[in-house]
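Here's the structure we're looking at; comments come further down.
Numbering (this note's numbering), first residue to last: 46 to 328.
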């Protein structure tokens, strides 16, 4: 894991044509809310909601000052507090979420970006936009697999050169050694969601023909990408979160639950990195 917060961009490739419109200003550590770019077809997001931090003591400081225990009033408050706690050690490093694409992964990524005051990107959407839309991207992949893979690498190369991003990375990010090496410029987290849950998506039932077809597609992609997923710096399992929280139904796990577990894993990684750096210093 190489933690880097470089914000420079190379002048070549597909993404520079897109990012000036989608990433006009580097995120700062101020308390100003980051606004979503609703006009963008690829959905640059810090959040659909604003982050508003009132000029008052944080919950922990209130407890110490008043002697009265103060608890979070909303699950998202817990996520934001954890994000604020680990942000200094994170040093603006980008976070790459790998794993099969599904709404659970995307929603957790958006919430994580909101809590950290990062920008959110979906790499597959960037590739599609660079290719000229869904039909053009599909045609390119069918006609020239190598060219499509090169576009995936170019998009990931540009994103990995920036800091303060949460990126939902597509399977192309873990299917080549070159792309895997680009993920080392940030922190990679495998969001492990059971295939049947991922295929169900936003539908209430897994019995539809489209869901079964999607399951087969996801299964093939999962088998092809699994070894790449396993190279991530940490993994977050929906099954394990549900067991930990004593939920019988996996769908009871919320985006806040997942985002909090991601932040805890990042905290462990940054702590280990700091210990290794201190151990390598000469006496």
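Note that beta-carbon positions come from the ideal geometry of N, C-alpha and C, so glycine has one too.
C-beta contact flag for residue i and residue j at 8 Å
i: residue 246; j: residue 147; result: yes
i: residue 286; j: residue 303; result: yes
i: residue 307; j: residue 234; result: yes
i: residue 282; j: residue 237; result: yes
i: residue 254; j: residue 120; result: no
i: residue 315; j: residue 172; result: no
Simplified DSSP assignment, three categories, for residue i
i: residue 163; result: coil
i: residue 294; result: coil
i: residue 277; result: coil
i: residue 221; result: coil
i: residue 207; result: coil
i: residue 177; result: coil
i: residue 170; result: helix
i: residue 315; result: helix
i: residue 50; result: A caution first: residue 50 carries a pLDDT of 41, below 50, which makes its placement in the model unreliable, though a value can still be read off. Coil at residue 50, not helix or strand.
i: residue 130; result: helix
i: residue 245; result: helix
i: residue 136; result: coil
i: residue 146; result: coil
i: residue 302; result: helix
i: residue 261; result: helix
i: residue 271; result: helix
i: residue 120; result: helix
Alpha-carbon to alpha-carbon, residue j and residue i
i: residue 274; j: residue 143; result: 6 Å
i: residue 258; j: residue 241; result: 11 Å
i: residue 373; j: residue 217; result: Since the first residue of the chain shown is 46 and the last is 328, residue 373 is not available in this structure.
i: residue 321; j: residue 140; result: 20 Å
i: residue 154; j: residue 324; result: 33 Å
i: residue 212; j: residue 298; result: 21 Å
i: residue 189; j: residue 264; result: 23 Å
i: residue 295; j: residue 214; result: 23 Å
i: residue 128; j: residue 319; result: 18 Å
i: residue 181; j: residue 201; result: 19 Å
i: residue 175; j: residue 165; result: 17 Å
i: residue 309; j: residue 198; result: 29 Å
i: residue 224; j: residue 123; result: 33 Å
i: residue 326; j: residue 183; result: 51 Å
i: residue 292; j: residue 192; result: 45 Å
i: residue 375; j: residue 159; result: This structure leaves residue 375 out entirely; the chain is present only between 46 and 328.
i: residue 261; j: residue 243; result: 11 Å
i: residue 227; j: residue 276; result: 12 Å
i: residue 204; j: residue 288; result: 34 Å
i: residue 313; j: residue 161; result: 16 Å
i: residue 163; j: residue 278; result: 20 Å
i: residue 126; j: residue 270; result: 34 Å
i: residue 134; j: residue 231; result: 13 Å
i: residue 187; j: residue 284; result: 35 Å
i: residue 256; j: residue 239; result: 14 Å
i: residue 330; j: residue 150; result: Absent from the model: residue 330. The displayed extent of the chain is 46 to 328, so no value can be given.
i: residue 210; j: residue 185; result: 27 Å
i: residue 138; j: residue 229; result: 10 Å
Those residues which DSSP pairs with residue i across a bridge
i: residue 141; result: 212 and 233
i: residue 282; result: 237
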